[in-house]
Amino acid sequence: MVTPSQAVVVVTGGASGIGRALAERAAVEGAKTVVVADRDGAGAARVAASLGSVGTHLALDVTDEAAVKRSIEEITATVGEIDIWCSNAGVPTGRGLGTDADWDAGFRVHVLAHVYVARHLLPRMAARGHGHLLITASAAGLLTEMDTAPYSVTKHGAVALAEWLAIEYGDRGVSVSCLCPQGVRTPMTADFDETSATLAAGALIEPSDVADAVMAAWREGRFLILPHAEVAEYERRRAADRDRWLAGMRRLRARLHRPDS
Ligand SMILES: NC(=O)c1ccc[n+]([C@@H]2O[C@H](COP(=O)([O-])OP(=O)(O)OC[C@H]3O[C@@H](n4cnc5c(N)ncnc54)[C@H](O)[C@@H]3O)[C@@H](O)[C@H]2O)c1
Numbered sequence: 098m099v100t101p102s103q104a105v106v107v108v109t110g111g112a113s114g115i116g117r118a119l120a121e122r123a124a125v126e127g128a129k130t131v132v133v134a135d136r137d138g139a140g141a142a143r144v145a146a147s148l149g150s151v152g153t154h155l156a157l158d159v160t161d162e163a164a165v166k167r168s169i170e171e172i173t174a175t176v177g178e179i180d181i182w183c184s185n186a187g188v189p190t191g192r193g194l195g196t197d198a199d200w201d202a203g204f205r206v207h208v209l210a211h212v213y214v215a216r217h218l219l220p221r222m223a224a225r226g227h228g229h230l231l232i233t234a235s236a237a238g239l240l241t242e243m244d245t246a247p248y249s250v251t252k253h254g255a256v257a258l259a260e261w262l263a264i265e266y267g268d269r270g271v272s273v274s275c276l277c278p279q280g281v282r283t284p285m286t287a288d289f290d291e292t293s294a295t296l297a298a299g300a301l302i303e304p305s306d307v308a309d310a311v312m313a314a315w316r317e318g319r320f321l322i323l324p325h326a327e328v329a330e331y332e333r334r335r336a337a338d339r340d341r342w343l344a345g346m347r348r349l350r351a352r353l354h355r356p357d358s
């Protein structure tokens, strides 16, 4: 069981949306300290201030490996050993097949940033025999987000990395969970319109609903966190008959009148 109670919890992308909800929930659950980390340092400071005495903040670009390493060392020295790291920062990555800049941003934020945390934090956790890493991927990393190839592919990478780490560290006291929501009402989805496959898949849920799902999974020690229960069924259908699933996705694509990439 993973519990934020009395824990030192770090949340990246904590200035907004899902990260903010995770930081708020960790504080409510009795965390010792919640470190709100974001490249938007002012936003992180605002969220940290709203958490009361347990909140503290950090301006951190998760794609900067040296800064991630330094942050881990500084938090450990000043606040204490990190018990839970929520590797949650994410970026939109363009439409369609995307530009090279979209692919670069996607790989840096959705894959390499998690690698950096794993490289510099998980061995410390393993040495203590205690710790938890949450990787925020997406349902796009289990299924396919037809709106944007770079997002879907890099989120598949996030899921694969989370699985790899769960195997590598699971028997050393370090657990990993992988958060895979469909649409959530945050700034990231604010400009989605009627051509959005995410909106076609179902109504947006609130960031606090995602935090509920995370706490439930942590209590039960589950790896995969699906705030939208239907994603489990979609994944089963995809695995059972890939061609049928692809045909269904093409029908949805036609209904959404998507432009050719
Ligand atoms: N909103 C959704 O529908 C949805 C669905 C599935 C998965 N997700 C994932 O959930 C996570 C949170 O997204 P959100 O919807 O809350 O978006 P958001 O835009 O509200 O928040 C993302 C936060 O990440 C921060 N960030 C981006 N790049 C960063 C970097 N290099 N270093 C540090 N911070 C950085 C941003 O400043 C922002 O505060 C992301 O990984 C996203 O891909 C979102």
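Numbering (the working numbering), first residue to last: 98 to 358. Positions of the beta carbon are idealized from the N, C-alpha and C atoms, including for glycine.
Identified DSSP bridge partners for residue i
{"i": "Gly62", "result": "Nothing about residue 62 can be read from this structure; the chain reaches only from 98 to 358."}
{"i": "Asp306", "result": "DSSP, once it has assigned bridges, lists no residue as partnering Asp306."}
{"i": "His154", "result": "Val133"}
{"i": "Trp200", "result": "For Trp200, which the question treats as bridged, DSSP gives no partner whatsoever."}
{"i": "Trp182", "result": "Val107, Leu230"}
{"i": "Ile322", "result": "Leu276"}
Per-residue burial, residue i [other beta carbons within 10 Å of its own, 16 or more giving buried]
{"i": "Pro220", "result": "exposed"}
{"i": "Leu276", "result": "buried"}
{"i": "Gly299", "result": "exposed"}
{"i": "Asp180", "result": "buried"}
{"i": "Gly116", "result": "buried"}
{"i": "Arg225", "result": "exposed"}
{"i": "Asp244", "result": "buried"}
{"i": "Ile322", "result": "buried"}
Beta carbon of residue i nearer than 8 Å to that of residue j
{"i": "Val128", "j": "Val106", "result": "According to the sequence as given, residue 128 is Ala; it is not Val. The answer is yes: Cβ separation under 8 Å."}
{"i": "Asp135", "j": "Thr109", "result": "yes"}
{"i": "Ser147", "j": "Leu157", "result": "no"}
{"i": "Val159", "j": "Ala141", "result": "no"}
{"i": "His211", "j": "Ala163", "result": "no"}
{"i": "Val370", "j": "Thr153", "result": "Because the chain is modelled from 98 through 358, residue 370 falls outside the range shown and cannot be assessed."}
{"i": "Val328", "j": "Leu301", "result": "no"}
{"i": "Ser249", "j": "Ala234", "result": "no"}
{"i": "Arg130", "j": "Val165", "result": "Correcting the residue identity first, residue 130 is Thr in this sequence and not Arg. Not closer than 8 Å, so no."}
Beta-carbon contacts of residue i that lie in its chain and below 7 Å, excluding the five residues immediately before and after
{"i": "Asp199", "result": "Thr190, Gly191, Pro247"}
{"i": "Phe289", "result": "Thr295, Leu296"}
{"i": "Leu349", "result": "Ala294, Ala297"}
{"i": "Arg316", "result": "Met98"}
{"i": "Asp306", "result": "Pro324"}
Contact set for residue i: own chain, Cβ-Cβ below 6 Å, skip 5 residues either direction
{"i": "Thr251", "result": "Gly203, Phe204, His207, Val208"}
{"i": "Cys183", "result": "Val108, Leu119, Leu231"}
Spatial neighbours of residue i in its chain, beta-carbon cut-off 8 Å, leaving aside the 5 residues before and after
{"i": "Pro284", "result": "Ser113, Gly114"}
{"i": "Ser102", "result": "Glu126, Gly127, Ala128"}
{"i": "Thr100", "result": "Glu126, Trp315, Arg316"}
### Query
Hey, which unbroken runs of the beta strand (DSSP E) at 3 residues or more fall wholly within the stretch 218 to 300?
228 to 233, 271 to 276, all fully within the stretch 218 to 300.
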